[in-house]
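Peer 1:
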Amino acid sequence: MRHALCIQAGNPTVTGGGNPQEHPMDSISELNIELHHFLIGLDDDWRRRQAAAPDPSLAAAADAFVADWEPQVRARLDATYARLSTTVEAADDATRARAAEAHRLLIQPYFLTSRFCRRCVDKPLGYAGDYGAVEMIYSGTETDPAPIGRLLGGYTLQTGPCEAHRGRLPWTHARLAELGVERPRLLSFACGPEVVLRRWVEAGNTADIVLADHDANALAFAQKELQRVIRRTKNTSTVRTVTMSAREVMVDPGAIPLLGGPFDAVMVLGLLDYLPDAVVVRFLKALSATLRPGGTLLTSNLTGPNPWRALMELTSDWVVAHRTVAGFEALVSATTTLAPTRTDIHASGVNLYNASIRL
Ligand SMILES: C[S@@+](CC[C@H](N)C(=O)[O-])C[C@H]1O[C@@H](n2cnc3c(N)ncnc32)[C@H](O)[C@@H]1O
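Read the sequence shown against the numbering used here and you will find it ends at 798, with the numbers running on by one and no gaps.
#1: Looking only at DSSP bridge pairs, what is His-761 linked to?
#2: What is the DSSP secondary structure of Ala-794, reduced to helix, strand or coil?
#3: By Cβ distance below 8 Å, which residues in the same chain neighbour Ala-778 in space, the five residues on each side in sequence not counted?
#4: Any contact of the region 596–605 with the region 482–500, i.e. 3+ C-beta pairs under 8 Å?
#5: Could you spell out where the alpha helix (DSSP H) holding Thr-611 opens and where it closes?
#6: Ligand 1 heavy atoms versus the CB of Leu-708: any closer than 7 Å?
#7: Suppose the cutoff is 7 Å on Cβ atoms and the five residues either side in sequence are ignored; what does the same chain contact list for Gln-662 look like?
#8: Roughly how many whole angstroms lie between the Cα atoms of Leu-591 and Gly-699?
#9: For the candidate residues Phe-550, Asp-647, His-785 and Lys-724, whose alpha-carbon lies nearest to that of Thr-776?
#10: Could you tell me whether the region 574–587 touches the region 735–750, where touching means 3 or more Cβ pairs closer than 8 Å?
#11: First and last residue of the alpha helix (DSSP H) that includes Met-751?
#12: Pull up the DSSP beta-bridge partners for Leu-736, would you.
#13: Near Val-759, which residues of its chain fall below 7 Å by C-beta distance, leaving aside the five closest residues on each side in sequence?
#14: Along the chain, where does the alpha helix (DSSP H) that runs through Thr-534 open and close?
#15: Runs of 4 residues minimum, wholly inside the region 622–708: which ones carry the alpha helix (DSSP H) assignment?
#16: Measuring only the C-alpha atoms, how far is Thr-580 from Leu-726?
#17: Mapping the DSSP letters down to three states, classify Ala-443 as helix, strand or coil.
#18: Taking the alpha-carbon positions, what's the Leu-564 to His-476 distance?
#19: Between Arg-731 and Pro-701, how many whole angstroms is the CB-CB distance? I'm expecting something under 8 Å.
#20: Put Pro-779 into one of helix, strand or coil per three-state DSSP.
#21: DSSP three-state call for Leu-711: helix, strand or coil?
#22: Span of the alpha helix (DSSP H) holding Ala-500?
#23: Count the other C-beta atoms from every protein chain shown that fall within 10 angstroms of the C-beta of Ala-572, then say buried if there are 16 or more, exposed otherwise.
#24: Determine the closest residue to Val-719 out of Met-689, Asn-745 and Pro-746, with distance taken between C-alpha atoms.
#25: What three-state label does DSSP hand Leu-730 in the structure shown?
#26: Report the residue from Phe-628, Asn-793 and Asp-756 whose alpha carbon sits nearest the alpha carbon of Thr-729.
#27: Can you give me the C-alpha to C-alpha distance between Asp-465 and Cys-559, rounded to a whole angstrom?
#28: Around the C-beta of Ala-749, are 16 or more other C-beta atoms found within 10 angstroms, so that it is buried, or is it exposed?
#29: If you measure from the CB of Asp-569, is any heavy atom of ligand 1 nearer than 7 Å?
#30: In angstroms, rounded to a whole number, what distance separates the CA positions of Glu-641 and Thr-675?
#31: With a threshold of 16 other CB atoms inside 10 Å of the CB of Gly-619, please say whether the residue is buried or exposed.
#32: Measuring alpha carbon to alpha carbon, tell me which of Ile-479, Leu-551, Leu-474 and Gln-547 ends up nearest Leu-516.
#33: Suppose you measure from the CA of Val-668 to the CA of Arg-637; what does that come to, to the nearest Å?
#34: Can you name the start and end residues of the alpha helix (DSSP H) that Thr-582 belongs to?
#35: Taking the alpha carbon of Arg-624 as the reference point, which residue from Val-705, Ala-685, Arg-671 and Trp-747 has its own alpha carbon closest?
#36: Taking only heavy atoms of ligand 2 into account, decide whether any of them is closer than 7 Å to the Cβ of Arg-686.
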């Protein structure tokens, strides 16, 4: 079953590439060079303004620079990345590798002046999508004071993939409300900073919550923030944490009892995109043992066409599996323990959210 969902607007058109007669400029190297020149122009303008601004008004000059350029940056980058995404996706592996190399040389250095993009590329905790990066996504704001970084990071945080990441919050809250359970037992696997349940508890809901993640840093942060909200709002929810990897769920017979349950709902948001198909099926099948019969599994995945795929992959080193609705639902059904009940697509078109029921 499919439902249209309108959370945010703004999906730039994906234009076709690869036909040199119709689109003489539409080649990967030309797009890289065009974008490089645009970024040089941006940099030049900031240097001019910097030179013209007296010291005390430099911060004001930076704010004005960001405000003046923001609409143009968005329009230009949306259009270029849509074309790059189409072209790179259709390219063979060798061409894609050359595109990535050229992009790293010509474009990525500008993006690395953004705190958010730098964290994505540096992976300070050793893996992509750590809880610090996810907190930045939910904040939606680039905090780097340098204006070029602020512009490019701010742009990245407002594109479809980040909008769609934030879009899982209202979607999940709606599904939790539909459980019709006053005090549900909830498991969030691969919880990261767990913004979704933090805000849900903040809104006055109560639950007995288990947070699981393979990263003890993420768990400590998520628990601290959730407990802070619970104390501040005098909420009676409970929180327990379990350090556990998806691999342990699949191969360690002692893992499932450690998670506890049976749960009314299990959330696995922002993890399955990182796993190959066969692992998704095996992992979900094993994890479904924590759900009560009739309980709900809530998941998400990148989907396409994704006009920002080249932005994700080439500038932020954020490479994940994109799945169609049919392909994703087939993986859930292949568990034989779960059945999809609804799949919604975020208005940006780049994330699917799935609810399934434990049989
Ligand atoms: C992109 S974040 C998603 C966070 C949160 N669920 C959300 O939707 O905002 C991914 C989280 O998955 C965790 N993770 C990644 N691979 C994992 C694995 N194999 N097993 C358990 N957790 C994993 C990371 O530590 C990170 O906290």
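Just so it is clear, CB atoms sit at the ideal spot from N, CA and C, and this is done for glycine as well. Since the structure is predicted, the reported quantities are computational estimates derived from the model, not experimental observations.
Peer 2: In short:
#1: Residue 761 sits at position 322 when you count from the first residue of the sequence shown. Paired residues: Leu-741.
#2: Within the sequence shown, numbered from 1, the residue matching residue 794 stands at position 355. Correct three-state label for Ala-794: strand.
#3: The residue labelled residue 778 in the question sits at position 339 within the sequence shown. Closer than 8 Å at Cβ, skipping near neighbours: Val-771, Ser-772, Ser-795, Ile-796 and Leu-798.
#4: no
#5: Numbered from its first residue, the sequence shown carries residue 611 at position 172. Run containing Thr-611: 599–617, per the alpha helix (DSSP H) assignment.
#6: In the sequence shown, counting from the first residue as 1, residue 708 sits at position 269. Yes; taking the cut-off as 7 Å, the Cβ of Leu-708 has a heavy atom of ligand 1 nearer than that.
#7: By 1-based counting over the sequence shown, the position of residue 662 is 223. Excluding sequence neighbours, Gln-662 sits near Leu-650, Val-678 and Thr-680.
#8: Counting from 1 along the sequence shown, the entry for residue 591 is found at position 152. Counting from 1 along the sequence shown, the entry for residue 699 is found at position 260. Going from the Cα of Leu-591 to the Cα of Gly-699 covers about 43 Å.
#9: Here residue 776 refers to the residue found at position 337 of the sequence shown. When each option's Cα is compared against that of Thr-776, the closest is Lys-724.
#10: no
#11: Position 312 of the sequence shown, counting from 1, holds the residue named residue 751. No alpha helix (DSSP H) holds Met-751; DSSP gives it neither H nor E.
#12: One-based indexing of the sequence shown puts residue 736 at position 297. Bridge partners of Leu-736: Val-705 and Ser-795.
#13: For this step, residue 759 is matched to residue 320 along the sequence shown. Excluding positions up to five away in sequence, the list reads Asp-712, Tyr-713 and Leu-741.
#14: For the purposes of this step, residue 534 is identified with residue 95 of the sequence shown, where counting begins at 1. Here the alpha helix (DSSP H) through Thr-534 covers 532–545.
#15: 634–641, 655–671, 685–690 and 694–698
#16: The count along the sequence shown starts at 1 and reaches residue 580 at position 141. The count along the sequence shown starts at 1 and reaches residue 726 at position 287. Near 34 Å, if we compare the C-alpha coordinates of Leu-726 and Thr-580.
#17: Against the sequence shown, residue 443 aligns to sequence position 4. Only weak support is given to the placement of Ala-443: the predicted model assigns it a pLDDT of 34, under 50, and the value that follows is read from those uncertain coordinates. Three-state result, Ala-443: strand.
#18: For the purposes of this step, residue 564 is taken as the residue at position 125 of the sequence shown. For the purposes of this step, residue 476 is taken as the residue at position 37 of the sequence shown. Rounded to the nearest angstrom, the two C-alpha atoms are 34 Å apart.
#19: Position 292 of the sequence shown, counting from 1, holds the residue named residue 731. Position 262 of the sequence shown, counting from 1, holds the residue named residue 701. Going by Cβ atoms, the distance from Arg-731 to Pro-701 rounds to 4 Å, so yes, they are a contact pair.
#20: Taking the first residue of the sequence shown as 1, we reach residue 779 at position 340. The answer is strand: DSSP assigns Pro-779 an E or B state.
#21: The count along the sequence shown starts at 1 and reaches residue 711 at position 272. DSSP places Leu-711 in helix when its eight states are reduced to three.
#22: Here residue 500 refers to the residue found at position 61 of the sequence shown. Where Ala-500 is concerned, the enclosing alpha helix (DSSP H) stretches over 497–529.
#23: By 1-based counting over the sequence shown, the position of residue 572 is 133. The residue is buried, with at least 16 neighbouring Cβ atoms inside 10 Å.
#24: For the purposes of this step, residue 719 is taken as the residue at position 280 of the sequence shown. Of the candidates Met-689, Asn-745 and Pro-746, the one whose C-alpha sits nearest the C-alpha of Val-719 is Met-689.
#25: By 1-based counting over the sequence shown, the position of residue 730 is 291. Three-state DSSP puts Leu-730 in a strand.
#26: Along the sequence shown, read from residue 1 onward, the residue named residue 729 stands at position 290. Of Phe-628, Asn-793 and Asp-756, the residue nearest in Cα terms is Phe-628.
#27: Residue numbering aside, residue 465 sits at position 26 when the sequence shown is read from its first letter. Residue numbering aside, residue 559 sits at position 120 when the sequence shown is read from its first letter. At Asp-465 the pLDDT is 48, less than 50, meaning the model places this residue with poor confidence and gives no usable figure here.
#28: As a first step, residue 749 must be located in the sequence shown, where it is residue number 310. Label assigned to Ala-749: buried.
#29: Counting from one through the sequence shown, the residue named residue 569 turns up at place 130. Yes, since a heavy atom of ligand 1 falls inside the 7 Å radius drawn around the Cβ of Asp-569.
#30: Mapped onto the sequence shown, residue 641 falls at position 202. Mapped onto the sequence shown, residue 675 falls at position 236. Between Glu-641 and Thr-675, the C-alpha separation is close to 11 Å.
#31: In the sequence shown, the residue the question calls residue 619 occupies position 180. Exposed, by the Cβ-count rule.
#32: Locating residue 516 in the sequence shown gives position 77, where the first residue counts as 1. Nearest C-alpha to Leu-516: Leu-474.
#33: Within the sequence shown, residue 668 is the residue found at index 229, counting from 1. Within the sequence shown, residue 637 is the residue found at index 198, counting from 1. Cα to Cα, the separation comes out at about 7 Å.
#34: As a working mapping, residue 582 is identified with position 143 in the sequence shown. Segment: none, Thr-582 is in no alpha helix (DSSP H) and carries neither H nor E.
#35: For the purposes of this step, residue 624 is taken as residue 185 along the sequence shown, with counting starting at 1. Here the closest residue by C-alpha is Val-705.
#36: This structure simply doesn't include ligand 2; it includes ligand 1 instead.
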